[in-house]
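Chemist:
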Amino acid sequence: MPSFHTFRESKNLGRPVVAIAAGLLAGASVFAQSAPPQTPATSPKEPLGLSVFLNLVDRYYPKLNGVRVERDLADAKEQEKRGAFDPVFSTGTDWIGFNSSSTRGKRSNTQMTETVVEILDRSGIKLSGGQRFGFGSVKSPFSSTGDLGELFLSAKVPLIRDLGINPKSVAERQARFGQSLADQVVREFRFLTFNDAGSAYWQWVGAGVKLKIAQDLLKVAEQRLIFITTQFEEGVRPKIDVAEARAEVFRRKGSLEKSERDLQKAELKLSLYLWNEEGKPLGIPQRTALSELPEQGTALADEAIQKGIDLALQNRPELSAITVSREIVDLDLSLARNERKPALDFAFGPGYDFGNDGIGSTYKLGLFYSIPLRQNTADGKIAQAQAKLRKLQLELDQVTLAVQTEVRDAASEYNQTYLRVLAAQEELTAARELERGELDRFEEGIGTLFLVNQRERARAEAETKLVDTRVELEIARLGFLATTAQLNP
9 MPSFHTFRES
19 KNLGRPVVAI
29 AAGLLAGASV
39 FAQSAPPQTP
49 ATSPKEPLGL
59 SVFLNLVDRY
69 YPKLNGVRVE
79 RDLADAKEQE
89 KRGAFDPVFS
99 TGTDWIGFNS
109 SSTRGKRSNT
119 QMTETVVEIL
129 DRSGIKLSGG
139 QRFGFGSVKS
149 PFSSTGDLGE
159 LFLSAKVPLI
169 RDLGINPKSV
179 AERQARFGQS
189 LADQVVREFR
199 FLTFNDAGSA
209 YWQWVGAGVK
219 LKIAQDLLKV
229 AEQRLIFITT
239 QFEEGVRPKI
249 DVAEARAEVF
259 RRKGSLEKSE
269 RDLQKAELKL
279 SLYLWNEEGK
289 PLGIPQRTAL
299 SELPEQGTAL
309 ADEAIQKGID
319 LALQNRPELS
329 AITVSREIVD
339 LDLSLARNER
349 KPALDFAFGP
359 GYDFGNDGIG
369 STYKLGLFYS
379 IPLRQNTADG
389 KIAQAQAKLR
399 KLQLELDQVT
409 LAVQTEVRDA
419 ASEYNQTYLR
429 VLAAQEELTA
439 ARELERGELD
449 RFEEGIGTLF
459 LVNQRERARA
469 EAETKLVDTR
479 VELEIARLGF
489 LATTAQLNP
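Be aware that the sequence shown starts at 9, since it is given in the working numbering, and climbs by one per residue.
Structure, rendered in structure tokens:
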């Protein structure tokens, strides 16, 4: 009895066989028409590796870039608070007509002009310098100057309250912490995006591998149908074998259609993450961009898991965000304690009066003291800040435990999936042995076509199961890298 493999080399197929082959080719053309339309030339053509894909996501994915706007807002907020320490230039002139107390009933006139530049230092010291003119019958609180006016400098120095820490300097420092807080928000969303995008990537790769398995399985069934039909015409095989072979072809065509649809869904999902620098979608990647599944590595050892926990505790954005929030509240607490202090300010202003009627050196000294008689405002702010710190500490404890648990869970997921991959490989090896043995029995005339088809389907199912498990392994690896804050392109 001629074997199936020997028949594949034959060139004389006969007229019925040619008719069947033509029908199968027609079916293949239907499959080609059912494939999704090719995307524009901008879509990826060359094999698309995970690192290249994640780099595209990192640079152009709109949602991720939208979250990065939070950092721009934080930068703008910091710039706004920094503006409190910008130098200020001002100038003004007063013309005053008044009834002088020294010559009652007689109008007196005066003109006062002052030009000054003021600078507020972050330490709380306020500096100013400028020039003033006072002409005519000067009215208190103004004073006369020489013809060329008076040049002056002045400084107001807080000695207790607001020295080193004051509302404006605290607002600026908190705005800077706001920048760090925005960075953590971006980092957290970035890890989540990479994890989701990477999962979509491996599902796409796996769908492509499973489609090839289904195509190869159908090809074998189509070739066997030709072989069985020829043997039937030669009187070697019964007619029921032709029916069985034909039914198997259509059964596998249905499976191929499902695999095609699964790949189309995976392509559409992947295309959601593919954008260009102009903010336009790249579209569905072409089939030539499909990559291969990598060889699985080894299981995670206890040392690797502990290292992952340590890295997560150091670098997870949720924990960093809580630390930054505590710094912000610490500033609120320091500012509230500052408000409980008495205010003691020292003012000093040397100057020089020029021109006719000028007196030369001038000066101004002052000491100002105030203390609130009740401390409800400051004490209330202190209590609020302390309560926030207690809440943040509780949150930090809870998130720390959650992070450790997530890392252990991700490691467990990876290791158990790895064991499933090994089991799936053994299952596939056994399925191939059974397939080979059943095919040998069939070629020897002992076995049946029904069992051959079953063994082939079982082998293909084992291959598909192994692909699915390897995809799950890669997704689990992404999950471990994300939970340990190591997932980067």
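Yeah, the Cβ is synthetic: ideal placement off N, Cα and C, and Gly gets one too.
Mind checking whether E78 and Y360 have CB atoms under 8 Å apart?
Modeler: no
Chemist: Within 10 Å of its beta-carbon, does F185 have 16 or more other beta-carbons around it, so buried, or fewer, so exposed?
Modeler: With 16 or more neighbouring CB atoms inside 10 Å of its own CB, F185 falls in the buried class.
Chemist: I'd like to know if the region 186–197 and the region 265–281 are in contact, where contact means that at least 3 CB-CB pairs between them fall below 8 Å.
Modeler: no
Chemist: Where do the ends of the alpha helix (DSSP H) carrying G487 lie?
Modeler: For G487, the enclosing alpha helix (DSSP H) begins and ends at 457–491.
Chemist: Determine the DSSP secondary structure at Q392, reduced to helix, strand or coil.
Modeler: helix
Chemist: Quick one: using the 10 Å Cβ neighbour count with 16 as the cut-off for buried, is N496 buried or exposed?
Modeler: So N496 counts as exposed.
Chemist: Does the region 346–360 come close enough to the region 153–169 to have 3 or more Cβ pairs within less than 8 Å?
Modeler: yes
Chemist: Quick one: measure Cβ to Cβ for E54 and A208, integer angstroms, because I've assumed they're closer than 8 Å.
Modeler: So it is not a contact: roughly 19 Å between Cβ atoms.
Chemist: With distance defined between alpha-carbon atoms, name the residue in A466, A320, Q139 nearest to S98.
Modeler: Nearest C-alpha to S98: Q139.
Chemist: What did DSSP end up calling A355 once you bin it into helix, strand or coil?
Modeler: strand
Chemist: With DSSP run on the structure shown, which of helix, strand or coil describes Q223?
Modeler: helix
Chemist: Once the 5 residues before and after T123 are set aside, which same chain residues still bring their CB inside 6 Å of it?
Modeler: T99, G138, Q139
Chemist: At which residue ranges does the region 304–368 contain complete beta strand (DSSP E) runs of 3 or more residues, listed in the order of the chain?
Modeler: 351–362
Chemist: Would you identify the three-state DSSP class for E54, choosing helix, strand or coil?
Modeler: coil
Chemist: Would you tell me roughly how many angstroms separate the C-alpha atoms of V475 and K396, rounded to the nearest one?
Modeler: 50 Å
Chemist: Here's a check: name, in chain order, each residue in its chain whose Cβ is nearer than 7 Å to the Cβ of T408, leaving out the five neighbours to either side.
Modeler: So the list reads L321, L327, once near-sequence residues are dropped.
Chemist: Just to confirm my understanding: we take T491, look at its own chain, exclude 5 residues before and 5 after, and list those with CB closer than 7 Å. What are they?
Modeler: When the five nearest sequence neighbours on each side are left out, the beta carbons in the same chain lying within less than 7 Å of the beta carbon of T491 are those of A320, E414, V415, A418, in order along the chain.
Chemist: Please report the residue range of the beta strand (DSSP E) in which G74 lies.
Modeler: It is not in any beta strand (DSSP E) - G74 instead sits in the alpha helix (DSSP H) that spans 70–90.
Chemist: Do you know how far the Cα of E300 is from the Cα of T2?
Modeler: Because the chain in this structure spans residues 9 to 497, residue 2 falls outside the shown range and cannot be described.
Chemist: Who are K372's beta bridge partners in DSSP?
Modeler: G357
Chemist: With a threshold of 16 other CB atoms inside 10 Å of the CB of P95, please say whether the residue is buried or exposed.
Modeler: exposed
Chemist: Taking only the alpha-carbon atoms, compute the straight-line gap between F362 and T153 and give it to the nearest angstrom.
Modeler: 8 Å
Chemist: In its own chain, which residues sit with a C-beta less than 7 Å from the C-beta of Q433, not counting the 5 before and 5 after it?
Modeler: L474
Chemist: Can you check whether the CB of A391 is closer than 8 Å to the CB of K164?
Modeler: Contact: no.
Chemist: Using beta-carbon positions only, say whether T429 and T472 come within less than 8 Å of one another.
Modeler: Residue identity check: residue 429 is Val in the sequence provided, not Thr. Their beta carbons are not under 8 Å apart, which means V429 does not touch T472 by this criterion.
Chemist: May I ask you to list the residues that DSSP assigns as paired with F141?
Modeler: T121
Chemist: Over what stretch of residues does the alpha helix (DSSP H) that includes D249 continue unbroken?
Modeler: 247–279
Chemist: Hey, could you find the ends of the beta strand (DSSP E) E242 is sitting in?
Modeler: Counting along the chain, E242 falls outside any beta strand (DSSP E), and DSSP gives it neither H nor E.
Chemist: Around the Cβ of S162, are there at least 16 other Cβ atoms within 10 angstroms (buried) or fewer (exposed)?
Modeler: buried
Chemist: With DSSP as the reference, identify every bridge partner of V165, one or two as the case may be.
Modeler: F354
Chemist: Out of R112, D405, D83, N73, which has the shortest C-alpha to C-alpha gap to T331?
Modeler: D405
Chemist: Report back the beta-carbon spacing between L128 and K71 to the nearest angstrom; my notes put them in contact at under 8 Å.
Modeler: At roughly 41 Å, the Cβ-Cβ gap does not stay under 8 Å, so L128 and K71 are not in contact.
Chemist: Cα separation between K227 and L264?
Modeler: L264 has its alpha-carbon roughly 11 Å from the corresponding atom of K227.
Chemist: Assuming G105 and M120 form a contact by the criterion Cβ under 8 Å, report the distance between their Cβ atoms to the nearest whole angstrom.
Modeler: No, G105 and M120 are not in contact; Cβ-Cβ is about 13 Å, not under 8 Å.
Chemist: Would you tell me roughly how many angstroms separate the C-alpha atoms of A229 and E451, rounded to the nearest one?
Modeler: 15 Å
Chemist: Determine, using beta carbons only, whether V475 comes closer than 8 Å to chain D.
Modeler: As a matter of chain content, chain D is missing from the structure shown, which is built from one protein chain.
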